[in-house]
Amino acid sequence: MESAVSVSAGGSVLPSGSVLPAGSGVGGVAVLSVGEVQGALGIRDLSDPGQGAHALQLIVDSVRGALGAAWPYTEVWTRRDHPVVSLADNYDNLGYAAGAVTREARYTRYVSDNEVLRSHTSAMIPPALRELARSDSSDVLMICAGICYRRDSVDWQHTGTPHQLDLWRISRNVTLGEAELEDMIARLVDTVLPGQTYRTVPAVHPYTIHGRQVDVLLDDQWIEIGECGVAAPDVLRLAGLDDSWTGLAMGSGLDRLLMLRKGIHDIRLLRSPEPRVAGQMLDLSPYKPVSAMPPVRRDLSVVVGPDADVSAEVLGDKARAALGPAADAAESLEVLGETSYDDLPTAARERLQLTPGQRNVLVRLILRPVDRTLTDAEANTLRDQVYRALHEGPVLELIG
């Protein structure tokens, strides 16, 4: 039996009752503006059949079919909730500590003081568990797929709007533990990535016990495809499920599963409008590369304050925001090095007009749209947009 639960509104419609503040803050950090939220919600969810066909949906369908066949007496619930979720369901009801760093606005996109754009599809699990507690069901597989919103680095396997797949089996008929978890991992890998070598390594998550990270071997590199564990009893109890219930919890990166399945080495290709690329995103057959566009390199020398965060995630988010509709032109953004005020030559301090405590950071931006070649003028314009977003000094060194 399969039931569709709490289908999302889709598009840019907010859940009933949501209010977007004009300028309120969370912990002193401003929340997203109305325009920023609407822009985020306007991004197509590739895992949603209602927004058009895409191979990501075939990954979800194959996993649903494999686990459904393996567990014939388990009900299948498919959820597609709205991307704006309560802060409680995104964190508190999954066992995250009140002071967890992931809650900070530099990692989480706040819509209001108590609502966020979900940072993982696990945010759909607490309401699903509460639904289960009110139902007569006793053994359920919860399938939650959708787009998520993060502040992330710019490289071949990361994006600020990844797609994820949460798979939770909750039962009071069957005691679910580590043996059942191992079986679930094997079925996922064998279904989506048949023949691939994989491993599990211990990992800690607030919503699991006996947590694992699942990695797949790509050439000579281990690539993480998801995390899982036995569902934490406290999370089940918080939702109203007593100690007769046990569960398995698994979250996987849908984008990465598809990329590994098809042999894609650039996450931007999943959304490419180029017909020769987009046409290949409708099935699970191996990807056939189209003609590669030449990369354009621009090195940026920027000034930042003493407390500025120059992590890949923060800089990547600033670059995407600065580029706006052209964000997919950025193939990678990398910090090559940074020099403190004290270590800079006097001539460099004077040229940049640095003040004590400031730093000079060298950033490499690689621009390469997947469907065309940039002119020098276009590349310089994009370079300047990123430069303005990252640079905090009084002297601007623009080239466009």
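The opening position of the sequence shown corresponds to residue 3 in the working numbering, with each subsequent residue numbered one higher.
Don't be surprised by glycine CBs; every beta carbon is placed ideally from N, CA and C.
Exercise. Look up Gly27 in the DSSP assignment and say whether it is helix, strand or coil.
Key: For Gly27, the predicted structure reports a pLDDT of 47, less than 50, and the residue's modelled location is therefore unreliable. The matter cannot be settled from this model.
Self-check item: Whole-angstrom distance between Pro288 and Arg263, CA atom to CA atom
Solution: Going from the Cα of Arg263 to the Cα of Pro288 covers about 7 Å.
Quiz item: Alpha carbon to alpha carbon, what distance is there between Thr202 and Asp217?
Solution: Take the alpha-carbon of Asp217 and the one of Thr202: they are about 6 Å apart.
Quiz item: Is Leu302 closer than 8 Å to Leu134 when the C-beta atoms are compared?
Solution: Cβ distance not < 8 Å, so Leu134 and Leu302 don't count as in contact.
Practice problem: Tell me, please, whether the segment 67–87 touches the segment 139–146 by the rule of three or more beta-carbon pairs shorter than 8 Å. | Solution: At 8 Å Cβ cutoff, the stretches touch.
Practice problem: Report the rounded CA-to-CA distance for Gly283 versus Gly52, giving the unit in angstroms. | Solution: It is worth fixing the name first, because residue 283 is Met in this sequence and not Gly. Spanning the two alpha carbons is a distance of roughly 16 Å.
Quiz item: So what does DSSP say about Arg258, is it helix, strand or coil?
Solution: Helix.
Quiz item: Can the beta-carbon of Leu178 be found less than 8 Å from the beta-carbon of Ile145?
Solution: No.
Exercise. Report back the beta-carbon spacing between Arg120 and Pro85 to the nearest angstrom; my notes put them in contact at under 8 Å.
Key: That belief holds up - the Cβ atoms of Arg120 and Pro85 are roughly 6 Å apart, short of 8 Å.
Quiz item: Which runs of the alpha helix (DSSP H), 4 residues or longer, sit entirely within the segment 177–260?
Solution: Qualifying alpha helix (DSSP H) stretches, in chain order: 180–194 and 235–240.
Quiz item: Counting Cβ pairs, one atom from each stretch, are 3 or more of them under 8 Å apart for the segment 307–319 and the segment 333–342?
Solution: Under the 8 Å Cβ criterion, the segment 307–319 counts as touching the segment 333–342, having at least three qualifying pairs.
Practice problem: Would you please state the rounded distance, in angstroms, between the beta carbons of Pro113 and Val39? I believe it to be under 8 Å. | Solution: The question names Pro, yet the displayed sequence has Val at residue 113. Rounded, the Cβ-Cβ distance is 6 Å, consistent with contact.
Quiz prompt | C-beta atoms of Val65 and Leu183 nearer than 8 Å | solution = With a cutoff of 8 Å on beta-carbon distance, Val65 and Leu183 are scored as not near each other.
Practice problem: Quick one: grab the DSSP three-state call for Ile45. | Solution: Per DSSP, reduced to three states, the secondary structure at Ile45 is coil, with no helix or strand assignment.
Practice problem: Within 10 angstroms of the Cβ of Asn92, are there 16 or more other Cβ atoms? Answer buried if so, exposed if not. | Solution: Of the residues assessed, Asn92 falls on the buried side of the cut-off, its CB having 16 or more other CB atoms within 10 angstroms.
Quiz item: Quick one: what's got a C-beta closer than 6 Å to Pro297's C-beta in the same chain, skipping five residues either side?
Solution: Closer than 6 Å at Cβ, skipping near neighbours: Ile368 and Arg370.
Quiz item: Taking Asp63 as the reference, which of Asn116, Ile227, Leu286 and Gln215 has the closest Cα?
Solution: Asp63 has its Cα closest to that of Leu286, out of Asn116, Ile227, Leu286 and Gln215.
Quiz item: Among Asp373, Ile172 and His393, which residue has its Cα nearest to the Cα of Ile127?
Solution: Considering only alpha carbons, the answer is Ile172.
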